[in-house]
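Asks: Numbers in my numbering are just positions in the sequence shown, counted from 1, shifted up by 947.
One structure, pasted below without further comment.
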Amino acid sequence: MPLRNRYLFTSESVTEGHPDKIADQISDAILDACLTEDSASRVACETLLTTGLAFIAGEITTKAYVDFPSIVRGTVMAVGYTDATYGFDHETCAVISSIHEQSPDIAMGVDPGGAGDQGMMFGYASNENPELMPTPILLAHRLTQRLSEVRKTGQLDFLRPDGKSQVTVEYDENKKPIRVDAVVISTQHSELVDNKKLRAEVLQHVIQQAIPAYMLDADTKYHINPTGRFVVGGPMGDTGLTGRKIIVDSYGGMGRHGGGCFSGKDPTKVDRSAAYMARYVAKNIVAAGLSDRCEVQLAYAIGVADPVSVLVETFGTATVDPAIIPDLVRAHFQLTPRGIIESLNLRRPIYKKTAAYGHFGRKDPDFTWEITDKADRLASDAGLREPVGQTVRK
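The following block contains the structure:
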């Protein structure tokens, strides 16, 4: 096939010390604290961070007692902002909160089991790797996780918590990833380290450890701290806000997004729970071998339990009649808000760890939306002899 049928796709990730991600983690830490004492808590929590200040706002209805300042400071400390010279640290930052209860007008529609808001949510899966995720975002997350690891272990003790990655992957004419074309790393650092040393160490200990060697070649381009300096970072460098990294949180731009963020929202909010269900559905469809790629859209009306629409897009890769797949979805998956919460066991304090390095494609057993327990039944009911999800590219 001619080379013109190949294409490049790029996705980015950010570290847990990025200001927007700190905000996400604080919002989800507050959610977890509420759910720990009261699994029926209704939470919509937003966090804003800037130099020396964390501001918490939102609507929370719970029987739990939540110590907001302690949660904020504990989260900031765990991320790594423990020194006042960073411009933001857990001991000296001010914490302001403005929290009130959920509107009774919303509650009257949610209490019987209806959706907490209108909107559309998307889930995506692809058989290009064992995680059934787009490769660019998968590799971008591995890079930021590795940045955090070498910082926290002291292997690269000149790194600071803030950082970003970006990966450009080349796909062949069959839409399969074949190589990494470009890697961008921007990482906060001590002012005492020179750029030459930083670039060499990050290449060796981060990039070459996080990305499989077979995907890197002589033509791969590396841009490591391309501005030459990244000392001022975190909330001192940029204001952080909950919900501003929704593409990082999902599929890196491959597959659509309904626009609603996840963090700080309890599972009655379909922005979060239905997006998890859409991923669960899409992943099981691909694992069952019904298609190579799959995108699922679910849409809801506030106060109404059943989705107003269910769409399954297989991009021409279906191995069965695409018209039967939506019926299989409705038969095998509970798509009401209450059904989603119960089938995925979402009334648990599991959310803080979702708030950095992606909500999808991870192997944590608490991430129930990543389980492919429906694949065999879907394959059988679709007339396939066996699911092919076990033979995805390694």
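Yeah, the Cβ is synthetic: ideal placement off N, Cα and C, and Gly gets one too.
On a predicted model such as this, the values are computed, not experimentally measured, just so you know.
Would you grab the beta carbon distance between R1126 and E1117 for me? Rounded to a whole angstrom, and I think it's under 8 Å.
Replies: Numbered from its first residue, the sequence shown carries residue 1126 at position 179. Numbered from its first residue, the sequence shown carries residue 1117 at position 170. Yes, they are in contact, since the Cβ atoms of R1126 and E1117 sit about 5 Å apart, within 8 Å.
Asks: Quick check on L1106: does DSSP put it in helix, strand or coil?
Replies: In the sequence shown, the residue the question calls residue 1106 occupies position 159. Strand, per DSSP.
Asks: Report yes if the C-beta distance between L938 and D1128 is below 8 Å; otherwise report no.
Replies: Any answer about residue 938 is impossible in this case: the structure gives the chain only from 948 up to 1341.
Asks: For V1149, does the three-state DSSP call read helix, strand or coil?
Replies: The residue given as residue 1149 occupies position 202 in the sequence shown. In this structure, V1149 counts as helix in the three-state DSSP scheme.
Asks: Among C992, A1087, F1307, which residue has its Cα nearest to the Cα of I1003?
Replies: Position 56 of the sequence shown, counted from the first residue, corresponds to residue 1003. The option with the nearest alpha carbon to I1003 is C992.
Asks: Distance, Cα to Cα, L1237 vs D1014?
Replies: Residue numbering aside, residue 1237 sits at position 290 when the sequence shown is read from its first letter. Residue numbering aside, residue 1014 sits at position 67 when the sequence shown is read from its first letter. Roughly 48 Å between the two C-alpha positions.
Asks: Please classify G1336 as buried or exposed, where buried requires at least 16 other C-beta atoms within 10 Å of its C-beta.
Replies: In the sequence shown, counting from the first residue as 1, residue 1336 sits at position 389. Residue confidence for G1336 is low, a pLDDT of 49 falling below 50, so the modelled location carries little weight; the figure read from the coordinates is stated next. Buried is the call here.
Asks: Ends of the alpha helix (DSSP H) at T1009?
Replies: Taking the sequence shown and counting its residues from 1, one reaches residue 1009 at position 62. No alpha helix (DSSP H) contains T1009, which DSSP labels as neither H nor E.
Asks: Give me, in chain order, the residues of the same chain whose beta-carbon lies closer than 6 Å to that of M1068; leave out the 5 immediate sequence neighbours on both sides.
Replies: Start at 1 with the first residue of the sequence shown, and residue 1068 comes out as number 121. Only G1205, A1221, A1222, A1225, L1245 meet the Cβ criterion.
Asks: Excluding five sequence neighbours on each side, which residues of the same chain lie with their C-beta closer than 6 Å to the C-beta of I1007?
Replies: Mapped onto the sequence shown, residue 1007 falls at position 60. Taken in chain order, the residues that qualify are V990, I1046.
Asks: Mind listing, in chain order, the continuous alpha helix (DSSP H) runs of no fewer than 4 residues lying wholly within the segment 1243 to 1319?
Replies: For the segment 1243 to 1319, whole alpha helix (DSSP H) runs of length 4 or above, ordered along the chain, are 1272 to 1279, 1284 to 1291.
Asks: Roughly how many angstroms separate the alpha carbons of R1020 and G1199, rounded to a whole number?
Replies: Here residue 1020 corresponds to residue number 73 of the sequence shown, with the count starting at 1. Here residue 1199 corresponds to residue number 252 of the sequence shown, with the count starting at 1. Roughly 30 Å separates the two Cα atoms.
Asks: Counting pairs of Cβ atoms below 8 Å between the segment 1249 to 1267 and the segment 1086 to 1093, do you hit three or more?
Replies: Output reads no: the segment 1086 to 1093 does not touch the segment 1249 to 1267.
Asks: For N1292 versus T1319, is the C-beta spacing smaller than 8 Å?
Replies: Taking the first residue of the sequence shown as 1, we reach residue 1292 at position 345. Taking the first residue of the sequence shown as 1, we reach residue 1319 at position 372. In this structure, T1319 does not lie closer than 8 Å to N1292 by Cβ.
Asks: For a minimum of 4 consecutive residues, which ranges assigned as the alpha helix (DSSP H) are wholly contained in the segment 1052 to 1099?
Replies: Runs found: 1082 to 1099.
Asks: In this structure, how does DSSP classify P1182 when only helix, strand and coil are distinguished?
Replies: In the sequence shown, the residue the question calls residue 1182 occupies position 235. Here P1182 sits in helix by DSSP.
Asks: Can you give the beta carbon distance from L1139 to D967, rounded, assuming they're within the 8 Å contact cut?
Replies: Residue mapping note: residue 1139 aligns to position 192 of the sequence shown, counting from 1. Residue mapping note: residue 967 aligns to position 20 of the sequence shown, counting from 1. Contact doesn't hold; Cβ gap of about 27 Å is too wide.
Asks: Note down, in chain order, each residue of its chain lying with its Cβ closer than 8 Å to the Cβ of A1265, except the 5 sequence neighbours on either side.
Replies: As a position in the sequence shown, residue 1265 is number 318, starting the count at 1. These residues qualify, in order along the chain: L1237, S1238, I1272.
Asks: In whole angstroms, give me the CA-to-CA distance for Y1343 and K1216.
Replies: Past the edges of the chain, shown from 948 to 1341, lies residue 1343, and the structure says nothing about it.
Asks: Rounding to the nearest angstrom, what Cα-Cα distance links S1073 and T1301 in this structure?
Replies: Locating residue 1073 in the sequence shown gives position 126, where the first residue counts as 1. Locating residue 1301 in the sequence shown gives position 354, where the first residue counts as 1. Rounded to whole angstroms, S1073 to T1301 spans 21 Å at the Cα level.
Asks: Is D1213 helix, strand or coil by DSSP?
Replies: If you number the sequence shown from 1, residue 1213 lands on position 266. Reduced to three states, the DSSP call for D1213 is coil.
Asks: Report the three-state DSSP secondary structure of Y1198 (helix, strand or coil).
Replies: Taking the sequence shown and counting its residues from 1, the one referred to as residue 1198 is at position 251. Three-state DSSP puts Y1198 in coil, outside helix and strand.
Asks: What does a CB cutoff of less than 6 Å around G1001 pick up in its chain, not counting 5 residues either side in sequence?
Replies: On the sequence shown, position 54 is the one that residue 1001 refers to. Looking at the sequence shown, residue 1001 is not Gly but Ala. So the qualifying residues of the chain are V1019, C1040, V1042.
Asks: Identify, in the order they occur along the chain, each residue of the same chain with its Cβ nearer than 8 Å to the Cβ of G964, setting aside the five sequence neighbours on each side.
Replies: Residue mapping note: residue 964 aligns to position 17 of the sequence shown, counting from 1. If we look at G964 and ignore the five residues flanking it on each side, its Cβ neighbours are V1026, G1027, Y1028, S1095, R1107, P1108, D1109, G1110, Q1135, G1180, G1181.
Asks: Helix, strand or coil for K1111, going by three-state DSSP, please let me know.
Replies: The residue labelled residue 1111 in the question sits at position 164 within the sequence shown. Note: K1111 maps to strand in three-state DSSP.
Asks: Taking the C-alpha atoms as reference points, what is the distance between H1170 and V1131?
Replies: Walking along the sequence shown from the start, residue 1170 turns up at place 223. Walking along the sequence shown from the start, residue 1131 turns up at place 184. Near 5 Å, if we compare the C-alpha coordinates of V1131 and H1170.
Asks: Report all residues from its chain with a CB closer than 6 Å to the CB of Y1227; omit the five preceding and five following residues, and keep chain order.
Replies: The residue given as residue 1227 occupies position 280 in the sequence shown. Hits under 6 Å: W1316.
Asks: If you draw a straight line from the C-alpha of V1195 to the C-alpha of S960, how long is it?
Replies: Sequence index remark: in the sequence shown, residue 1195 carries index 248 (1-based). Sequence index remark: in the sequence shown, residue 960 carries index 13 (1-based). Going from the Cα of V1195 to the Cα of S960 covers about 5 Å.
Asks: Buried or exposed: K1155, going by 16 or more other Cβ atoms within 10 Å of its Cβ?
Replies: Along the sequence shown, one-based indexing puts residue 1155 at 208. Correcting the residue type first, residue 1155 is Gln in the shown sequence and not Lys. It counts as exposed.
Asks: May I have the straight-line CA-CA distance separating A1329 from H1306, to the nearest angstrom?
Replies: Translated into the one-based positions of the sequence shown, residue 1329 becomes position 382. Translated into the one-based positions of the sequence shown, residue 1306 becomes position 359. Near 29 Å, if we compare the C-alpha coordinates of H1306 and A1329.
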